[in-house]
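Structure first, then comments.
Number of protein chains: 2
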Amino acid sequence: MAARLSSAQDYESLVDQYDTWMFDCDGVLWQGSNPVDGAMDVLQILRHRGKRVIFVTNNASQSRKSYKKKFDKLGLEVHVDEIYGSAYASAVYISTVMKLPKDKKVFVIGMSGIEEELTEEGVSYIGGTDPADNTLEPFSLSNFTLDTSVGAVLCGLDTSINYTKLSKAYQYLTRNPVCEFLATNTDSTYPAAGGTLIGAGSISAPLAFAVGKEPLCIGKPAKTMLDCIQAKVHFDPKKTIMVGDRLNTDILFGQQGGLATLLVLTGITKEIEITGPSPSPIVPDYVTASIGDLRAVGKQ
Amino acid sequence: MAARLSSAQDYESLVDQYDTWMFDCDGVLWQGSNPVDGAMDVLQILRHRGKRVIFVTNNASQSRKSYKKKFDKLGLEVHVDEIYGSAYASAVYISTVMKLPKDKKVFVIGMSGIEEELTEEGVSYIGGTDPADNTLEPFSLSNFTLDTSVGAVLCGLDTSINYTKLSKAYQYLTRNPVCEFLATNTDSTYPAAGGTLIGAGSISAPLAFAVGKEPLCIGKPAKTMLDCIQAKVHFDPKKTIMVGDRLNTDILFGQQGGLATLLVLTGITKEIEITGPSPSPIVPDYVTASIGDLRAVGKQ
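Listed below in structure tokens is the structure:
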């Protein structure tokens, strides 16, 4: 059973135990554009205490550079290399694990964050924010030419999702037998200001259903994301804690990587899912209402 | 094992055996706007022989009236009441089985075919082809007001699918605990001119994934569709044959209704799926390459 933290002593003991703090962002540090009360203070306290802070987000709509700007606005100085996003991890996977040849391309269902990270990794792409694919005009196969250099379809959150994008991706996945099917992440929803919205997993769901095959998921809980971090940062898993709002991504990710886990209730997971009559089989080590609770710890 | 028909005698014997012929349309009678070679001749031969002909389509993008126009263009006179579409069956289900109160509405993800059939059945709706929902502009919860009169989300093929439609449907399904989740049909793909395109099942897939619940499917293979036909037409299942191109909709539909089944290979199902090393568990009674093969039967 998860330990429910509430006293200053609980938080003090938690902070003492872990040297590296990995944070999910949406639903933990902020909800849409609204910061979670006290979140920035807590990050500053951890920094002040000499803790290493890493941000691990499945949100692929923004690149790490754009994410940094979000922190800047909220008044917290972070470095781009402290941020690990599923768009970045996908680009790294395509270039270094899949080793997509330089003359091949990725067909993107997704937003500028994916495009920016692919460009940084030197991976060519089509689709994405291309105006020709961002249309509600009827899609016709007679006007479509299969680009035989497309070696992968990469699908992430895309708030301009439409029939043309889905149809083209479907053609690539079914007419080129070696075309890989990748997803930045498969979160079904994500916490936004004022409620919950459709997530990246729901954007790749039509393709998975039509093709009859699940995509290879890069973001949490997949190990690919942790591999990406481990390639850049040396940390002791036993002294590391993953903080997240979602059991089947954040908490599972931490557990599979041998990290401690702290669930916060400011995002997707509701308390009833861990304490109710049919609790999730994924049990975090610790639970607290909000990351802001850690303000109970002094800066000293 | 399915009987493979090839000789004039095979076809003659088949036509003799069955009095009522139910036809799927896309992939059987036509592919997109191209008629299957000989299909119209065969329908005329069957009519000439005194057979009852019924058209049973999962295609919800058009109403029965629009479907009739398609037959008109191809030179075959059909009556609207010989056509049973999943949009029509959905409208009948909502008004007569679900008995949606007159002051309640349906939120539609779909095209004009669904709207026309709902209107014919006196069911109010929002969404669908409303220009406000046919947009790629960003969707924001702060600009969205939940219409508390929405009692069902009905999802069909929608080639203008977009994030606003999906997000609104998701809000209705998750914020109103008694809102029903219906799908006209759950075909993952459909046969179009020049290839295969994403079908209605792939349009409802994001919602099913995000909500964590499958929709109630109205079209084939569901019994709702047969109930709709039986309410209007008296036929002897033992003297009735269902002709289709898809095992998990058409053929299953026929089998579950106690009808004989004939698979044609001009649509989704490929021969390898029934004769290959890992054949489908759904085995039609008969198989022929194309409905046009029945021209071997004379008019007499």
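Respectively, the protein sequence lines represent chains R and G. This note's numbering puts the first sequence at residues 1 to 300. This note's numbering puts the second sequence at residues 1001 to 1300. Glycine included, C-beta positions come from ideal geometry on N, C-alpha and C. All values derive from a computational prediction rather than experimental measurement.
Write down the C-beta distance between residue 1273(G) and residue 1279(G) rounded to the nearest angstrom, noting that I regard them as a contact closer than 8 Å.
7 Å
From 150(R), 42(R) and 229(R), residue whose alpha carbon lies closest to that of residue 127(R):
150(R)
With 16 other Cβ atoms within 10 Å as the buried cut-off, status of residue 193(R):
exposed
Among 81(R), 121(R), 14(R) and 109(R), the one whose alpha carbon lies nearest that of residue 99(R):
121(R)
Cβ neighbours of residue 1086(G) in the same chain (closer than 6 Å, five flanking residues each side left out)
1058, 1060, 1184, 1185, 1218 and 1219
Runs of beta strand (DSSP E) lying entirely within the segment 190 to 233 of chain R, each at least 3 residues, in chain order
195 to 198
If we cut at 8 Å on Cβ distances, does residue 134(R) have a partner in chain G?
yes
Please decide whether residue 1249(G) counts as near chain R, where near means a Cβ-Cβ distance under 8 Å.
no
Using a Cβ-Cβ cut-off of 6 Å (strictly less than) and excluding sequence neighbours within five positions of residue 388(R), which residues of its own chain qualify?
The question about residue 388(R) has no answer, for chain R in this structure spans 1 to 300.
How many angstroms separate the CA atom of residue 1268(G) from the CA atom of residue 76(R)?
55 Å
Please classify residue 1242(G) as buried or exposed, where buried requires at least 16 other C-beta atoms within 10 Å of its C-beta.
buried
Let's test the definition: count the other Cβ atoms within 10 Å of the Cβ of residue 276(R) and tell me whether it reaches 16, buried, or not, exposed.
exposed
I need the DSSP call for residue 1268(G), collapsed to helix, strand or coil.
coil
Compute the distance between the beta-carbons of residue 109(R) and residue 203(R), then report whether it is under 8 Å.
yes
Going by other Cβ atoms of all chains shown within 10 Å of its Cβ, with 16 needed for buried, is residue 26(R) buried or exposed?
buried
Under 9 Å from the C-beta of residue 131(R): neighbouring residues of chain G:
The premise fails here: residue 131(R) is roughly 10 Å from chain G at the closest Cβ pair, so nothing lies under 9 Å.
Partner residues on chain R for residue 1192(G), Cβ-Cβ distance less than 9 Å
140 and 141
Taking Cβ-Cβ distances shorter than 9 Å, what residues in chain G pair up with residue 201(R)?
1206, 1209 and 1210
Starting from the C-beta of residue 169(R), find all residues in its chain whose C-beta is less than 8 Å away, skip the five residues before and the five after it, and write them out in chain order.
107, 109, 127, 153, 155 and 207
Checking the sheet assignment: what are the DSSP bridge partners for residue 125(R)?
106(R)
Helix, strand or coil for residue 1115(G) per DSSP?
helix
Against residue 167(R), what residues of chain G qualify as contacts under a CB-to-CB distance less than 7 Å, listed in chain order?
1197 and 1198
I want to see whether chain R comes within less than 8 Å of residue 971(G), judged by CB atoms only; does it?
Residue 971(G) cannot be examined here, being either before or after the span of chain G that is shown, 1001 to 1300.
By the criterion of Cβ-Cβ separation under 8 Å, what are the contact partners of residue 1172(G) in chain R?
None at all; the shortest Cβ gap to chain R is about 12 Å.
Using DSSP's beta-bridge definition, name the partner residues of residue 1181(G).
1153(G)
Starting from residue 145(R), find everything on chain G with Cβ-Cβ shorter than 8 Å and list it in chain order.
Within 8 Å Cβ-Cβ: nothing; residue 145(R) doesn't reach chain G, min ~12 Å.
With a threshold of 8 Å between beta-carbons, can residue 188(R) be considered close to chain G, or not?
yes
Counting C-beta neighbours from all protein chains within 10 Å, is the total for residue 3(R) 16 or more, i.e. buried, or is it exposed?
exposed
Host alpha helix (DSSP H) of residue 1092(G) (start-end):
1086 to 1092
Looking at the structure shown, is residue 20(R) part of a helix, part of a strand, or coil, going by DSSP?
strand
Output needed for residue 191(R): all residues of its chain with C-beta closer than 6 Å, excluding positions within five of it in sequence on either side, in chain order.
26, 27, 31, 267 and 268
Local Cβ density within 10 Å of residue 81(R), reported as buried at 16 or more and exposed below that:
exposed
In whole angstroms, give me the CA-to-CA distance for residue 236(R) and residue 20(R).
8 Å
Under 7 Å Cβ-Cβ, which residues of chain R neighbour residue 1159(G)?
138, 139 and 163
Whole-angstrom distance between residue 282(R) and residue 247(R), CA atom to CA atom:
6 Å
Close beta carbons around residue 129(R), own chain, < 8 Å, minus the five adjacent residues each side:
111, 112, 115 and 160
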